[in-house]
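**Student:** One structure follows; several queries about it will come next.
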Amino acid sequence: MLGQHALSNIDTSQLSPVSRTGIGASEDKLSTIFYNGTFITMAEHDQPQFDALLVEGDTITFTGSLKEAQACAPEATLKDLNHQFLFPGFVEPHVHIIFSALASNWFLNLSNPSPVTFDSVLKKIGSQTEFHNDGQVDWIIGFGYDPSHVIDHQDLTLADLDKLYPGKKVAIYVLNQSEHVAYVNSEAFDRLGITPAKVQGDPDYDMVNGSLTGILFETAVQTVGLQTPRPSQDQLIHFCETTISSWQKVGITTIHDAGIGNTGGCKDVNLFKALPQMQMRMSGAIFTPAFPKMYESCRPPFCEGQVEIVAAKFVADGSTQGFTAALTEDYYELENKPKYVQNNPKGIYNYASWTDQAAAMDPWLGAGYQLVVHANGDAAIDNTIAAYKKVFSDHPERKTDVIHRIEHFTVTRDDQFKPVRDLGLGVSHTIGHVNFWGKTFAGYVLGEPRALRIDPIRQDMDNGLLWSLHSDSPVTEPNPLQYVQTAASRVLFGGPPFHVLGKYQRVDIAEALKGITINPAKQLGIADKVGTLETCKKADFVILSKDPRKVRVAENLLAEVFPTFSATIAFDGGAANIAEPYQSYKTSTKYFLQWLWIEYKLRAPEAAKTHTFKSTKDILRAAETLAATAITVPPTVIRSLRNAISKRQEVLRIYQGLGSDDAAHEAFLRRLQETLKLLTPLVPKPSSTHASTSELESLVAANRFSALHIQEATESPLTDTFPPETQKRHPESGPAISASVDEEIVLEDDSIMKKYEAIREAFAFIRDLYNLRIRLEQYWTDAAEGKLSFAIASWLTSAVVSQIQTFAPTAWPGSSQLLIEHTGLATAIYSQDKTNKAIDALKIMSEIHHLHQLVILVWKQAGHAPKNLANPSTAMYIEELLEAKEFLEKSIIRNSTSEPLIILARQVLQTRQKVLSSTLYAGIQILVSSSKAFFWPRGVKQKEWNCGLRPLRLAMDMKKKLVPMTQVIKGFIVHGMAVPLLLKQTEDFHSALDEYTRGVRWDLYHQASWIAGCHLNELLVGAVVLGQALYDAIPVIPAVLHLYNVLCMFDVGLPKIKVLEELCEFFKNAAFNGKRPKANFLTHSRCSLYYDWKKAVEFGDHLVRRPYLHESMYLAQHPSEHIIDHETMAKLFDINAKLPFNEATEARLRSLRKGMDMETYLDKAERMAKKDFEPCNPVANINYFDIFNVCTKVLDTFGTILYENLKVSPEDTVVLGSKMVEPVLKTVDESRNKGRSVRKNLRHQPLLKDAISAFDKVDRNMALQDLCWEA
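Numbering of the sequence shown is given in the working numbering, commencing with residue 408 and proceeding in unit increments.
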């Protein structure tokens, strides 16, 4: 059902109906005092605070201090609330008990809250092997199909359904999720005798050109539905018990059935009479079309079993999402709707006029019934208001304390609130319309203006209406805390593009809580019993782990409110761990089946020779065959079968608790039980306890199990080894049967554990992905607020995306479909794990649906989906990325780090490599969420709207600064002081920059923050690589640093220059071998810069430069696509070991890698990346181009002065300046041995004076940060 995912919002250990003293308590007046907690009374009048509450029997008898409570009841049991919160039990004012029980246990479940393909629905309907039978025809009865949640919004038609089960007599009846529309095939019409001639003119049977289309509306839905097969009374009672128990587990203590008789007339009433006592307060409304004259003989209130009948139900119109709600204006975009919608553009009103509606209501009001009218559309509401006015004026004697109701009150107008208030009517909303259908209402059913005001709770309050919230189960799943969440946040299931629907209709949490407590209690006329915590009221309450009133309500309510209610879901007092009972069941079953298979092959070789057991039908057939031959069955085999059934029942109970569809499971168990019933009488009963072995042996055939019954063990022998008698011939058989039965017998329920494990694995993946996405969003928020470098945010995002494949499920994306199809089971499995407490399963399910929609979009482009598959709205933001394969072909691909999604998309779309798809889908989602976090940090829109301008500006700046550098490089090449390869490297980088600036795309993908950051990082890394090459190969930067150092260290009158001091510190390891020298400057220079410095006195081609080394996590990881190798691990964990690593170090690194999760990796990677951008050591964004140009100016000035003063031979002044650095160093070194006076006068030497003058043009205010790229 829709809404099953929300079960994880409830912790049954923290939120559970208090049953001992609650509904259905015994009459022995047991007393309990609740204390040490907070009591949220929900009372409407001021009430003194109290710290203890006394319950005697099923009634609250005292509130006050603990001491006073103990004085009132000295023998009372003390219940420590442990600082938790006692809250009134939830009141659910509108469900359909039997319908819900059938939907959960009898019908084929076709519900889905996110878009699915039409073909997938047909495939599910057409692949059933279990059928209901009416004695002549097999039936498939489905529930939950909803065209508004199907891509392309297709209705099931007779033509579609008739294609299923060719050659078989299978009747199909499928109910729409709304319950107001149904779909049938020809076999169903034939079986029920429905022909076009018989229903001609009936608007509830859709017809085209005189032929039935198979689509039914309103009364026809019930007429046909009542004739479909129904479970037995016992089965249906069990289904109802299970359903009501599941509602109790989410905190509901009172329910109101708003349509008793709508599924079976008198059968429904009789069932309620037979229903066992439940821990639930129950009342109901008679479905008046099924009992048109009941008011004549029955006056309310009267009881049918535990259900108190107090009201009469009328249906004025249909369903909004089913296009049968009666509106005053046409449905949205009629030209895109089916023919039957176009024929009824304003929906369907179920009465000829409002006067007919009033005439139907009149006798029931006169008989004292509360009136409850279903009215979704504003036209139906108009008519219902008019009908109420009429019947109220005709019955002035009516009870004025009864609150008559309008149910749903979905599509309204401003002028309708006052007459509703003046009539004293209450309204109740199916708030799931907002959560599950809001997006559909806005984009397909009503259009955005009308959709924004559906279920207008804020207007209810502003106009003084008494309102409540309900599920209309099975339309949506009962979960009152989910109702509150939706009313307070108006957040939609599945997210964008309409993330919040009509935020002006939101209400505070404290007000929303009234919609599930005191307000519905008033509407049901039981506010004197339930709805608040007050003396003399019934002890119906739940325990919450936190105070819901004090949680801040905002658009991100999903992240801030309801995780307080999530924790382990428990069933039958224990955790829902299916693994142990399932394995025990399989072991026992295997033992039994191996015996059965051998005996079956011996007794019926023709039937058994072509296959092994594939289903319980095969098992039952084999048992029937053996029973007919009067075979003797060993007791241990029976014991094994009983144990298997017991464990299988335990598995079933867990599945039922987890909300899984269990009809097939029960059929499986029934066949095992029938098998047990057939075989048990065949166990021999010895006439004497002293019978000899030979006597007993004569009773059984000689086979591998023949000796097992002779001496019964206390436990069934669950082993795969068997006695040697197996090799003996059976007296009636021919060849000997081998004892080796190594084949695993696979039955129809063996997918249980695979499904269970796949769901756990997939959910864990989505949970980890969600955690990482939230963390990345924080990075981008910090980047938007200037707290984190833009480049670092992008680098960390790429680091995460690159590692997704390492922890993705192997079956992804197939397992995503599994999660979508088994929402309730998935959320329950997820919620049972205590490690998941921090994240609400609802958020994870929303994450799953986002990813699933991306899967649909991507595979549509790859040709894996139907051609008419529409784009899911969630992925529209990045649609341009995957709009056409031609885009991928023509894109400028640099590498997968700078274009992380385009290359992945190319691989997935062109080669259909599903192994990479999880990274692509998650990457697209991260692209969208990171952009949202950057452009709207904390919900405030940024001024920056196009991040693609950042790398563009950087590329243009780099191009500009490369031009003078290229001329300098050419000069050094001409003079034999550099190799031509460096010039080519520089020109190639310039060409790449030019190509990038001319080929920039302005689509949403390239404007996104992460992608722009990837391009920015690519530019930074490229610039650093070129800069390092320039440093190594061109004697410019090191020459200036050594020149500056000698002039500063040897006091010759050069004052310290801030930027050069910082550059000397930055290049200390590369230029000075770790320490700036104070003497022997020339020797130190050569030693620091060259390997073979002793052989070189002058610069020349033969020199071998010492390579520039600057360890950087950022620089190493970007071009390597963030591969985590041994060197990376050593850096992350600060392991200082020489390369190559020895075996012990590699083993240690492998162990660390295996135990490192993504959060740990991200912590360490973040720390190291930030280190590379530190202001004092900007390894990652240092601007070598500016540094080179600053140093070039110094050398150019130095060379120019030398040329003018010394009249040296004319040449390139920069080259001349660099050549003259060593003579300066040599001069200073030689002066140290010539006495103090020589050193004192050294500053006056022309060479040194010229060297000092060379630094005059360096900006004294410049700092190292001015020589960094903006990142």
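All C-beta atoms in this analysis are idealised placements derived from N, C-alpha and C, irrespective of residue type, glycine included.
Check whether the region 722-735 and the region 778-789 touch, using three or more Cβ-Cβ pairs below 8 Å as the test.
**Tutor:** Cβ pair count under 8 Å is three or more, so yes.
**Student:** Who are the Cβ neighbours of V425 in its own chain at under 6 Å, not counting the five residues just before and after it?
**Tutor:** By one-based count along the sequence shown, residue 425 stands at place 18. The predicted model places V425 with a pLDDT of 42, which falls under 50 and marks its position as unreliable; any figure quoted below should be read in that light. Answer for V425: F948, listed in chain order.
**Student:** Answer yes or no: the CB of S1527 versus the heavy atoms of the ligand MG, is any distance below 8 Å?
**Tutor:** This structure simply doesn't include the ligand MG, nor any ligand for that matter.
**Student:** For A1678, count the other beta carbons within 10 Å of its own beta carbon; 16 or more makes it buried, fewer makes it exposed. Which is it?
**Tutor:** Counted from its first residue, the sequence shown places residue 1678 at position 1271. With 16 or more Cβ atoms within 10 Å of its Cβ, A1678 is classed as buried.
**Student:** With E814 as the anchor, note down where its beta strand (DSSP E) starts and where it stops.
**Tutor:** Your numbering for residue 814 matches position 407 in the sequence shown. Start and end: 812-815.
**Student:** Return helix, strand or coil for Q777, following the three-state DSSP convention.
**Tutor:** Position 370 of the sequence shown holds residue 777. Note: Q777 maps to strand in three-state DSSP.
**Student:** Have a look at the DSSP bridge pairing and note the partners of N583.
**Tutor:** Reading the sequence shown from its first residue, position 176 is the one you call residue 583. Answer by DSSP bridge pairing, in chain order: Y552.
**Student:** Is DSSP giving C710 helix, strand or coil here?
**Tutor:** By 1-based counting over the sequence shown, the position of residue 710 is 303. In this structure, C710 counts as strand in the three-state DSSP scheme.
**Student:** What would DSSP say about T1393, mapped onto helix, strand or coil?
**Tutor:** Start at 1 with the first residue of the sequence shown, and residue 1393 comes out as number 986. Here T1393 sits in helix by DSSP.
**Student:** Can you tell me whether DSSP reads A895 as helix, strand or coil?
**Tutor:** Residue numbering aside, residue 895 sits at position 488 when the sequence shown is read from its first letter. DSSP places A895 in helix when its eight states are reduced to three.
**Student:** List the whole-angstrom C-beta distance separating D611 from T635, where the pair is believed to meet the contact cut-off of C-beta under 8 Å.
**Tutor:** Residue mapping note: residue 611 aligns to position 204 of the sequence shown, counting from 1. Residue mapping note: residue 635 aligns to position 228 of the sequence shown, counting from 1. Actually they do not touch by this definition, with Cβ atoms about 17 Å apart.
**Student:** Taking just the CA atoms, how far does V588 sit from V631?
**Tutor:** Residue numbering aside, residue 631 sits at position 224 when the sequence shown is read from its first letter. Residue numbering aside, residue 588 sits at position 181 when the sequence shown is read from its first letter. Roughly 11 Å between the two C-alpha positions.
**Student:** Is K936 helix, strand or coil when you go by DSSP?
**Tutor:** Sequence index remark: in the sequence shown, residue 936 carries index 529 (1-based). Coil at K936, not helix or strand.
**Student:** If I'm right that I1418 touches L1334 with Cβ under 8 Å, what's the distance once you round it to whole angstroms?
**Tutor:** Position 1011 of the sequence shown, counted from the start, is the residue given in the question as residue 1418. Position 927 of the sequence shown, counted from the start, is the residue given in the question as residue 1334. Yes, I1418 and L1334 are in contact; Cβ-Cβ is about 7 Å, under 8 Å.
**Student:** Compare the Cα-Cα distances from A1200 to each of P887, E1573, R1667 and report the closest residue.
**Tutor:** Taking the first residue of the sequence shown as 1, we reach residue 1200 at position 793. That would be E1573, whose Cα lies nearest to the Cα of A1200.
**Student:** From the DSSP output, which residues share a beta bridge with P495?
**Tutor:** Working through the sequence shown from its first residue, we reach residue 495 at position 88. F948, per the DSSP bridge assignment.
**Student:** Any idea which residues DSSP pairs S1209 with across the strands?
**Tutor:** Your numbering for residue 1209 matches position 802 in the sequence shown. None, per the DSSP bridge assignment.
**Student:** Determine the DSSP secondary structure at A480, reduced to helix, strand or coil.
**Tutor:** Along the sequence shown, one-based indexing puts residue 480 at 73. Reduced to three states, the DSSP call for A480 is coil.
**Student:** Compute the Euclidean distance between the alpha carbons of M1563 and Q1349, then round it to the nearest angstrom.
**Tutor:** In the sequence shown, counting from the first residue as 1, residue 1563 sits at position 1156. In the sequence shown, counting from the first residue as 1, residue 1349 sits at position 942. Looking at the two C-alpha atoms, the distance is approximately 36 Å.
**Student:** By how many angstroms is the C-alpha of I1441 removed from the C-alpha of L1389?
**Tutor:** Walking along the sequence shown from the start, residue 1389 turns up at place 982. Walking along the sequence shown from the start, residue 1441 turns up at place 1034. Each residue's alpha carbon lies about 9 Å from the other.
**Student:** If you draw a straight line from the alpha carbon of P683 to that of I504, how long is it in whole angstroms?
**Tutor:** By one-based count along the sequence shown, residue 683 stands at place 276. By one-based count along the sequence shown, residue 504 stands at place 97. Rounded to the nearest angstrom, the two C-alpha atoms are 14 Å apart.
**Student:** How about V1466 and D1673: are their beta carbons less than 9 Å apart?
**Tutor:** Sequence index remark: in the sequence shown, residue 1466 carries index 1059 (1-based). Sequence index remark: in the sequence shown, residue 1673 carries index 1266 (1-based). Result yes, Cβ atoms of V1466 and D1673 sit closer than 9 Å.
**Student:** Within 10 Å of its beta-carbon, does Y851 have 16 or more other beta-carbons around it, so buried, or fewer, so exposed?
**Tutor:** Counted from its first residue, the sequence shown places residue 851 at position 444. With 16 or more other Cβ atoms within 10 Å, it is buried.
**Student:** What residues match up with W546 in a beta bridge as DSSP calls it?
**Tutor:** One-based indexing of the sequence shown puts residue 546 at position 139. Per DSSP, H539, A578.
**Student:** Going by DSSP in three states, P500 sits in which element: helix, strand or coil?
**Tutor:** As a working mapping, residue 500 is identified with position 93 in the sequence shown. If DSSP states are grouped into helix, strand and coil, P500 belongs with the strands.
**Student:** M614 lies in the beta strand (DSSP E); which residues open and close that run?
**Tutor:** To locate residue 614, count along the sequence shown from 1; it is residue 207. That run of the beta strand (DSSP E) goes 612-615.
**Student:** Please report the straight-line C-alpha distance between Y739 and L853, rounded to a whole angstrom.
**Tutor:** Here the question's residue 739 lines up with position 332 in the sequence shown. Here the question's residue 853 lines up with position 446 in the sequence shown. Roughly 5 Å between the two C-alpha positions.
**Student:** Count the CB pairs spanning the region 663-675 and the region 492-501 that are closer than 8 Å, and state whether there are at least three.
**Tutor:** At 8 Å Cβ cutoff, the stretches touch.
**Student:** Short check: CB of I1038 to CB of L1083, under 9 Å?
**Tutor:** Counting from one through the sequence shown, the residue named residue 1038 turns up at place 631. Counting from one through the sequence shown, the residue named residue 1083 turns up at place 676. Contact: no.
**Student:** So, at 7 Å on beta carbons, what are the nonlocal neighbours of N1590 in its own chain, with the 5 sequence-adjacent residues on each side left out?
**Tutor:** Here residue 1590 refers to the residue found at position 1183 when the sequence shown is read from its first residue. So the list reads L1674, C1675, W1676, once near-sequence residues are dropped.
**Student:** Which of helix, strand or coil does DSSP assign to M1563?
**Tutor:** For this step, residue 1563 is matched to residue 1156 along the sequence shown. Coil.
**Student:** Quick one, are the C-beta atoms of T1404 and K1366 less than 9 Å apart?
**Tutor:** Here residue 1404 refers to the residue found at position 997 of the sequence shown. Here residue 1366 refers to the residue found at position 959 of the sequence shown. For T1404 and K1366, yes; Cβs fall inside 9 Å.
**Student:** Should L485 go down as buried or exposed, given a rule of 16 or more other Cβ atoms within 10 Å for buried?
**Tutor:** Walking along the sequence shown from the start, residue 485 turns up at place 78. With fewer than 16 Cβ atoms within 10 Å of its Cβ, L485 is classed as exposed.
**Student:** Taking T1634 as the reference, which of K1664, D789, S472, V1459 has the closest Cα?
**Tutor:** For the purposes of this step, residue 1634 is identified with residue 1227 of the sequence shown, where counting begins at 1. Comparing Cα positions, the closest option is V1459.
**Student:** To the nearest angstrom, report how far apart Q1414 and A1191 are at their CA atoms.
**Tutor:** The residue you call residue 1414 lines up with position 1007 of the sequence shown. The residue you call residue 1191 lines up with position 784 of the sequence shown. Whole-angstrom Cα-Cα distance: 15 Å.
**Student:** Do the region 707-714 and the region 649-658 meet, that is, are 3 or more Cβ pairs less than 8 Å apart?
**Tutor:** Judged by Cβ distances under 8 Å, the region 707-714 makes no contact with the region 649-658, as fewer than three pairs qualify.
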